[in-house]
Amino acid sequence: MTPPRFGDLSRTSRSCGLELRMGAFDDHTVPPEALSWSSGIATRPHFHIQSDEPLALAVRRVILEQVFHGLQIQHPGRGNSNDRDHGFDQSVHELRKSIKRARAVLRLVRSEIGEKRYRHENTLLRDTARMWGPTRDAVVLAKLAEKVFPELELDDHVKDDIVTTLRIRAEASTRAARLDEQRLTDTAVALHGFAGRIYAVPTEGPGSIPDTWDSIEPGISLLARRVVRRRDKAVAKPTTERLHAWRRSAKYLGYLTSLLHVEPSDSDIARARSQSARNGHGEDPLLELHELLSQLGSLLGDDHDLAVLIETLGRDPLLLPDSVNAAHLFWELTQLRRELQAKAFEVGEKLGDTKSIVATISAAWRGDQSVK
């Protein structure tokens, strides 16, 4: 069986004989040696370009690592039911993170793989992650309530009732997902087929992604423009939708600054430190940009979780039947959101404009290329 090409959108992987519980790739689509350390595909994700690694090879390796890591979602086989549920929840969290990182890499090389291919693969990954969104959201809301409610000025029994209810719902959602064979199968089949197409992408010669700035500049510039534009829109009118859109763009750009921060060898590190000391430079500009984007993503993520919690409490009278308590709780949670948004705007301002963001990434890329 010949592996499907990256652009072969009509092929299905339902006949690939996937070993679901092991999270393994089918032998005919992705050879077993492609998943070993010896070939550079780690069993745990390694989200950096290596100092001696061409872009095309890095793109394939990193995406396959993310997919392989995500496919570890399975029925935990040890411990009691609560232990298995907790382990499964962590698997769902890792799956969704892995998919987001893979989508970030697709955005990086969007202009090279073509718009049709990009949209197909991005949509597939997005829809796969969405299958597990409600499960993860239920857990996040329960943990968020446990974290913020003790600090709120509200009757203890009211807070305890809400936290207990959200926790019970989260546990039920996780248990139902863990036992949902169809959802597990659909997830594995989708990621398996995607991995097969990625594995077929050439890493050298005709059809491979050139190891040049021009290969990634369009993707970087597009994301940088979105981060700046969505920041400005959120500052002008901080609606939940605008803040969430800003967060998504910042997260993807943050992933790419991590990916493009080439992981050097020990000798490279020593040489870089020596050069930095001679030049009187401080932190690596790309690392500083990455830290800002990470801070921004965390702040906006917390804000979004609070927004979802407010919405959940508002549409479910069983959680908060008393209107006086509801009004007071909503006011306090809204104040927390405003504090987070103010901090996010401060961090966002430090990012600068599109030109400066792209220039920082370009300088880091060109510098890393010079030592390859």
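Residue 163 in UniProt numbering sits at position 163 of the sequence shown; the count goes up by one each step and never skips. Glycine included, every Cβ here is placed at the ideal spot set by N, Cα and C. Small disclaimer: the values here were computed from a predicted structure and weren't measured.
| Item | Value |
| --- | --- |
| Between which two residues does the alpha helix (DSSP H) carrying residue 244 extend? | 240-260 |
| Our contact map puts residue 347 next to residue 299 with C-beta atoms below 8 Å; I'd like the distance itself, whole angstroms only. | 7 Å |
| With burial defined as no fewer than 16 other Cβ atoms inside 10 Å of the residue's Cβ, what is the status of residue 324: buried or exposed? | exposed |
| Work out the CA separation of residue 124 and residue 50 for me, nearest whole Å. | 28 Å |
| Using C-beta distances below 8 Å, list every residue in its chain close to residue 163, excluding the 5 sequence neighbours before and after it, in chain order. | 142, 145, 146, 149 |
| I need the straight-line Cα distance from residue 247 to residue 165, nearest angstrom please. | 29 Å |
| Give the straight-line distance between the Cα atoms of residue 355 and residue 250, rounded to the nearest whole angstrom. | 16 Å |
| Is the beta carbon of residue 140 sitting closer than 8 Å to the one on residue 98? | no |
| When we look at the beta-carbon of residue 168 and count the other beta-carbons within 10 Å, is it buried (16 or more) or exposed? | exposed |
| With respect to 7 Å, is the separation between the Cβ of residue 325 and the closest non-hydrogen atom of the ligand FMN below this value? | Of ligands this structure carries none, so the ligand FMN is not represented either. |
| Taking residue 305 and residue 344 to be in contact with their CB atoms under 8 Å, please state how far apart those CB atoms are, rounded to whole angstroms. | Between residue 344 and residue 305 the Cβ distance is about 13 Å, and since that is not below 8 Å, they are no contact. |
| Kindly give me the distance between the Cβ atoms of residue 340 and residue 329, rounded to whole angstroms, as I take these residues to be in contact under 8 Å. | No, residue 340 and residue 329 are not in contact; Cβ-Cβ is about 17 Å, not under 8 Å. |
| On the CB-based measure, 16 or more other CB atoms within 10 Å of its CB, does residue 234 come out buried or exposed? | buried |
| Shortest alpha-carbon distance to residue 61 belongs to which of 189, 158, 202? | 202 |
| Measure from the C-beta of residue 62 to each C-beta in chain C and report whether the shortest distance is under 8 Å. | Within the model displayed, chain C is absent; a lone protein chain is all it includes. |
| With a threshold of 16 other CB atoms inside 10 Å of the CB of residue 85, please say whether the residue is buried or exposed. | buried |
| Using the Cα positions of residue 193 and residue 154, report the straight-line distance between them to the nearest angstrom. | 51 Å |
| Contact defined as beta carbons within less than 8 Å: I believe residue 199 pairs with residue 107. What is the distance between those atoms, to the nearest angstrom? | Contact doesn't hold; Cβ gap of about 20 Å is too wide. |
| Cα separation between residue 207 and residue 239? | 43 Å |
| Going by DSSP, what residue range makes up the alpha helix (DSSP H) through residue 194? | 181-199 |
| Given this structure, state the Cα-to-Cα distance separating residue 47 from residue 308, to the nearest angstrom. | 30 Å |
| Please return the same chain residues whose Cβ sits closer than 6 Å to the Cβ of residue 112, not counting the five positions on each side in sequence. | 209, 215 |
| Go ahead and label residue 89 buried or exposed: buried means 16 or more other beta carbons lie within 10 angstroms of its beta carbon, across all protein chains shown. | buried |
| Going straight from the alpha carbon of residue 362 to that of residue 288, what length do you get? | 14 Å |
| Could you tell me how far apart the beta carbons of residue 110 and residue 254 are, in whole angstroms, since I believe they sit closer than 8 Å? | No, residue 110 and residue 254 are not in contact; Cβ-Cβ is about 17 Å, not under 8 Å. |
| May I ask you to report which of helix, strand or coil DSSP gives residue 72? | coil |
| Below 8 Å on the Cβ atoms is my guess for residue 128 versus residue 172; work out the distance and round it to an integer in Å. | In fact, because the Cβ distance is near 23 Å, the residues do not count as touching under 8 Å. |
| Measure the C-alpha to C-alpha separation of residue 278 and residue 349 and round it to an integer number of angstroms. | Reliability of the predicted coordinates at residue 278 is poor, the pLDDT of 43 falling under 50, and the value obtained from them is presented with this limitation in mind. Roughly 30 Å separates the two Cα atoms. |
| Between the alpha carbons of residue 102 and residue 63, how many angstroms are there, rounded? | 5 Å |
| Use the C-beta contact count for residue 96: other C-beta atoms within 10 angstroms, 16 or more gives buried, fewer gives exposed. | buried |
| Would you tell me roughly how many angstroms separate the C-alpha atoms of residue 133 and residue 65, rounded to the nearest one? | 22 Å |
| Under 6 Å Cβ to Cβ from residue 56, same chain only, skipping five residues before and after it: list those, please. | 203, 208, 209 |
| Taking all protein chains shown into account, decide if residue 157 is buried (16 or more other Cβ within 10 angstroms of its Cβ) or exposed. | exposed |
| What residue ranges within the region 90-124 form continuous alpha helix (DSSP H) runs of no fewer than 4 residues, ordered along the chain? | 110-113 |
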